[in-house]
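To start, the structure itself, in structure tokens.
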Amino acid sequence: MNKGTHSATKGEALKSRKWWVVDIADATVGRAATQVATILKGKHKPSYTPSMDVGDFVVVVNAEKVRFTGSKETDKLYFTHTMHPGGEKLTPADKVRARHPEDVFKLAVQRMLPRSALGRAMMTKLKVYAGGEHPHVAQKPEPLKLSV
Numbered sequence: 000m001n002k003g004t005h006s007a008t009k010g011e012a013l014k015s016r017k018w019w020v021v022d023i024a025d026a027t028v029g030r031a032a033t034q035v036a037t038i039l040k041g042k043h044k045p046s047y048t049p050s051m052d053v054g055d056f057v058v059v060v061n062a063e064k065v066r067f068t069g070s071k072e073t074d075k076l077y078f079t080h081t082m083h084p085g086g087e088k089l090t091p092a093d094k095v096r097a098r099h100p101e102d103v104f105k106l107a108v109q110r111m112l113p114r115s116a117l118g119r120a121m122m123t124k125l126k127v128y129a130g131g132e133h134p135h136v137a138q139k140p141e142p143l144k145l146s147v
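Under numbering that gives the first Met the number 0, the residue at position 17 of the sequence shown is numbered 16, and the numbers go up by one with no gaps.
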């Protein structure tokens, strides 16, 4: 019996990648984002290795129909900074949703991933679309049902 641990190699990680499509209409932002972040990290696979990008591709559709609970739609603020003195900008969630509906979900997932080159590599596998259509039909993504 082998009692050692196995770390995935880059070849194994690339070979086992799949494509998933998720419809997040009427889903809560945080609950959907945690499940998508888990898929992007690869924690759903037995070959999960923390120091490698072993996750799958995720295509998210209907991002404009995702919802917040409580009064977060008006009270939640997104912080950005111009890197000049006094250059902080606070934008309410409803204004972010009005300009770029997919950014609300993208930022939620991004903040659940590592803040490093590894996290940025994981974010490249996330494709978010405001409507119900996506251009990734050729990759044959499998539907993923979120546990709400």
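Ideal Cβ positions, reconstructed from N, Cα and C, are used throughout, including at glycine.
Top-ranked residue by Cα proximity to residue i, from the options
i, options, result
"ARG66", "LYS14, PHE104, MET51 and GLY118", "PHE104"
"HIS64", "VAL108, LYS17, SER15 and ASP22", "Before going on, a small fix: residue 64 reads as Lys here, not His. Here the closest residue by C-alpha is ASP22."
"LYS126", "HIS80, LYS75 and VAL57", "VAL57"
"ALA97", "ARG119, ALA24, PHE78 and ALA62", "ALA62"
"LEU143", "SER46, ILE38 and LYS9", "ILE38"
"THR123", "VAL53, PRO84 and LEU89", "VAL53"
"GLU11", "GLY130, TYR77 and MET51", "MET51"
"SER46", "LEU112, ALA7, LYS40 and THR33", "ALA7"
Cβ neighbour criterion (16 or more within 10 Å) applied to residue i
i, result
"GLY29", "exposed"
"ARG114", "exposed"
"GLY3", "exposed"
"ASN1", "exposed"
"MET121", "buried"
"ASP55", "buried"
Residue i - DSSP class collapsed to helix/strand/coil
i, result
"THR68", "coil"
"THR73", "helix"
"GLU63", "helix"
"LYS126", "strand"
"GLU141", "strand"
Bounding residues of the alpha helix (DSSP H) (the contiguous stretch that carries residue i)
i, result
"VAL28", "28-40"
"LEU89", "Unbroken run through LEU89 is the beta strand (DSSP E), 87-91; no alpha helix (DSSP H)."
"PRO49", "Segment: none, PRO49 is in no alpha helix (DSSP H) and carries neither H nor E."
"VAL108", "100-109"
"ALA12", "9-14"
For residue i, the first and last residue of its enclosing beta strand (DSSP E)
i, result
"VAL21", "18-22"
Contact belief for residue i with residue j at Cβ below 8 Å, rounded distance in angstroms
i, j, result
"LEU89", "LEU76", "4 Å"
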